[in-house]
DNA sequence: TGGTAATAATTACGCACTTCACTATGAAAT
DNA sequence: ATTTCATAGTGAAGTGCGTAATTATTACCA
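Below you can see the structure in the form of structure tokens.
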């Protein structure tokens, strides 16, 4: 497999250039947008498009990376949450909430993890409706190794940003999330 | 359906707060990361996590929005690309390249669009292997209406950023993409 | 010219995830 | 105590998107 591609994400087709003000922009995106779009809206749409691209690429990156270890991004997230939980166990609904996904999805993720022996289901003595997922020793070992390796991979990219750029990126992404939250609660 | 949720993305569980320096951060993420992580790496991982959250949310947002018009984000992207193409037609492989996806996926997307009468397949007289997808009048009408509406929806959020913030967001997202491209071509 | 490789699209198949409906249990109310 | 509603988890069915193999056509080249 071609190492310069993520799955079949053909990045060579995605041109990125430096604008005159030293900021990156995607000429194809801009070219398609600036006809028939009021200029004062262009900046917003361009930023949104850039975020969509980065989001998709980071997603594919995580997915592909997890796949090399027999996992998916979702399954890895489950292991990670469990690793940080007290006694390395969480109820299914707590997992769903923490991962911002549906209970049904957690069922499927835990199904797979249990099949691979990384997690086991244990009944909750306090509430007979509830099922808890708990890391097995194999699961703990796996996520620890994966976590070190994952941090390394992410840092290989983020270390080429300045501290301030990283803070800005975090700030702007979360600001967008925050505004979307507000926007939707009307 | 609860208007404050996107699909089943339970955003209420995702706390976002202002740090002392006036920047947003996710306390849960930071809490889980800052044990067992060298502080000089924290900023990078935190930014990465924020981008993943924003990416997921914007994706779900687009998906949900397109769904209200009987489409998916992928199908809408196909219509959009075709709309900007000369004669409103493109070969399947050109579509795959432009959308950064696989030929197989384009086949499926065009299948659906053709079934709904928004697109039709036409043979390429120059190359009998090639099949082109072309917008029907109904497709043109649909994407034009959708585009106006979509710009409106995105602008409702992005207008609450300053011009400079939008430029920074675009710049940082694309810089990340650019660095990932470079990082992977080794 | 004939044989081989490359390319375009598709079929067959699998995985991850979603929605909807359902069962089991707990909590609350009268 | 029984009815009612909320909560926890899961089965069934459908969608979107991925890989691998297949078919048809074109390009290349000795």
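Chains as they are written, first to last, in my numbering: chain Z, 1 to 186; chain H, 1 to 186. Virtual Cβ for every residue (Gly too), placed ideally from N, Cα, C. Since the structure is predicted, the reported quantities are computational estimates derived from the model, not experimental observations.
Chain H residues whose Cβ lies nearer than 9 Å to that of residue 51/Z:
51, 54, 55, 58, 169, 170, 173
Mind listing which residues of the segment 15-28 of chain Z have their C-beta closer than 7 Å to chain H's C-betas, in chain order?
16, 23, 24, 25, 26
Looking at chain Z, which residues of the segment 123-156 of chain H have a Cβ within less than 8 Å of any of its Cβ atoms?
151, 154, 155, 156
Measure the C-alpha to C-alpha separation of residue 66/H and residue 145/H and round it to an integer number of angstroms.
12 Å
At the 9 Å Cβ level, is residue 67/H part of the contact set with chain Z, yes or no?
no
If we define contact as Cβ-Cβ less than 9 Å, is residue 97/Z a contact residue for chain H?
yes
Residue 7/Z to residue 14/Z span [Cα, whole Å]:
A caution first: residue 7/Z carries a pLDDT of 48, below 50, which makes its placement in the model unreliable, though a value can still be read off. Approximately 15 Å between the Cα atoms of the pair.
Just mark residue 68/H as buried or exposed, buried being the case when its beta carbon has 16 or more other beta carbons within 10 Å.
exposed
In the DSSP assignment, what residue or residues form a beta bridge with residue 132/Z?
91/Z, 122/Z
Using DSSP bridges, identify the partner residues of residue 46/Z.
The partner list for residue 46/Z (beta bridge, DSSP) is empty, contrary to what the question assumes.
Interface flag, residue 177/Z vs chain H, CB-CB below 9 Å
yes
Determine the contact status of residue 204/Z and residue 53/H, defining contact as a CB-CB distance below 9 Å.
No answer is possible for residue 204/Z: it lies beyond the span of chain Z, which begins at 1 and ends at 186.
Coil, strand or helix - residue 80/Z by DSSP
helix
Exposed or buried, which one is residue 122/H when buried takes at least 16 other CB atoms within 10 Å?
exposed
Residue 14/H - DSSP class collapsed to helix/strand/coil
coil
CA-to-CA distance, residue 87/H to residue 151/Z, given in whole angstroms:
47 Å
Please look up how many angstroms separate the CB atoms of residue 90/Z and residue 133/Z, rounded, as I've assumed it's under 8 Å.
6 Å
Test: residue 117/H CB closer than 9 Å to a CB of chain Z
no
Have a look at the DSSP bridge pairing and note the partners of residue 25/H.
17/H
Does residue 111/Z come out as helix, strand or coil in the three-state DSSP assignment?
helix
Residue 93/H, buried or exposed, once every other Cβ within 10 Å from all chains shown has been counted against 16
exposed
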